[in-house]
Amino acid sequence: MITDELDQKLSRLRNIISDLGSVLVAFSGGVDSTLLLCVARQVLNDEVKAATAVSPTFPSWERKEAEATAKELGAKLIVFESSELEQEQFCRNPENRCYFCKRELFQKLKAIAKKQKLKYVAEASNLDDLSDYRPGRKAIEEIGIKSPLLDAQLSKAEIREASRRLGLKTFDKPGFACLASRFPYGERITKEKLAKVEQAENILRETGFKIFRVRYHREVARIELDRQEIERMLSDRKLCEKIYAEFQTIGFLYTSLDLLGYRTGSMNLTIRPPKQRKW
């Protein structure tokens, strides 16, 4: 039974976390990191702290939700500034952009853990992450960051089910990736462009859409919606005109709707085959 298998994986997760002794959890407030922090608190109590980065690549609403969730779990949250926009290698937005971001982020987390006298830093990658192009994994492995959910072989669906059973309100929270993922590789990332995308996504959120991305193509904004929400957009002419006008106000000359809808990693379509990549 799937429930028995999930129970076994959760037991394995608890053992993995117990063996750490003390840990700093890289915390975004999303489905995965919330489960990780919850179980770590259950196993290690006060030998666990959480840390959340503040950066133009993360929208302000995400930080607020992370703070509220950490408080509900009774975990101390350390908020710090990340500085990936100060790195030329990151701003140039190469195919392995995430490597430079994660390297900077986790080096800071290691320093925080040391200051807090915590033995390890843990992050919330899961089994499904291995099926996508994730250059950040290289930085995680190089710096020696722990990945308990991945080590316990938990999939995204299992993490959601485990979260539901534990009463975590994040069990059905839509996935989120940093705003830098909205840009085609090679398009330079700036604070201004990130703010533009954040404003556009806030418009969709305030309009009632739940699962979406606004992909940046210079003067064009390409909206990806959950397939169930595409119909709502297409059937409401006034809504289309409202969003189009508001996107123009923040600087997008044109706004398009992606016919395939929302999917993770859509910007990876331009990536060269693995043998041709330069790391």
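Residues 187 to 465 (our numbering) are what the sequence shown spells out, left to right. The C-beta atom is built at its ideal place from N, Cα and C for all residues, glycine as well.
> If residue 195 sits next to residue 344, beta carbons under 8 Å apart, how far is it from one beta carbon to the other, in whole angstroms?
Replying inline: 6 Å
>> Would you say residue 259 lies against chain D (beta-carbon separation less than 8 Å)?
In response: Among the chains of the structure shown, chain D does not appear; only one protein chain is present.
>> Extract the residue ranges of the alpha helix (DSSP H) inside the region 356-410, only unbroken runs of 4 or more that lie entirely within it.
In response: 377-392
> For residue 375 versus residue 224, is the C-beta spacing smaller than 8 Å?
Replying inline: no
>> Measuring straight from C-alpha to C-alpha, what distance separates residue 205 and residue 348?
In response: 21 Å
> The alpha helix (DSSP H) spanning residue 222 covers which residue range?
Replying inline: 217-230
>> Rounded to the nearest angstrom, what separates residue 228 and residue 333 at their Cα positions?
In response: 17 Å
> Going straight from the alpha carbon of residue 300 to that of residue 438, what length do you get?
Replying inline: 44 Å
>> Is it buried or exposed, residue 328, if we count other Cβ atoms within 10 angstroms and call 16 or more buried?
In response: exposed
> Where DSSP assigns a beta bridge to residue 239, which residues make up the other side?
Replying inline: 266
> For residue 448, does the three-state DSSP call read helix, strand or coil?
Replying inline: coil
> What distance in whole Å lies between the Cβ atoms of residue 442 and residue 408, which are believed to be in contact at a cut-off of 8 Å?
Replying inline: 5 Å
> In this structure, what does DSSP give as the bridge partners for residue 440?
Replying inline: 406
>> Quick check on residue 305: does DSSP put it in helix, strand or coil?
In response: coil
> Cα separation between residue 464 and residue 395?
Replying inline: Unreliable placement is indicated for residue 464, whose pLDDT of 38 sits below 50; the coordinate value is still reported in the next sentence. Going from the Cα of residue 464 to the Cα of residue 395 covers about 38 Å.
> What is the DSSP secondary structure of residue 256, counted as helix, strand or coil?
Replying inline: helix
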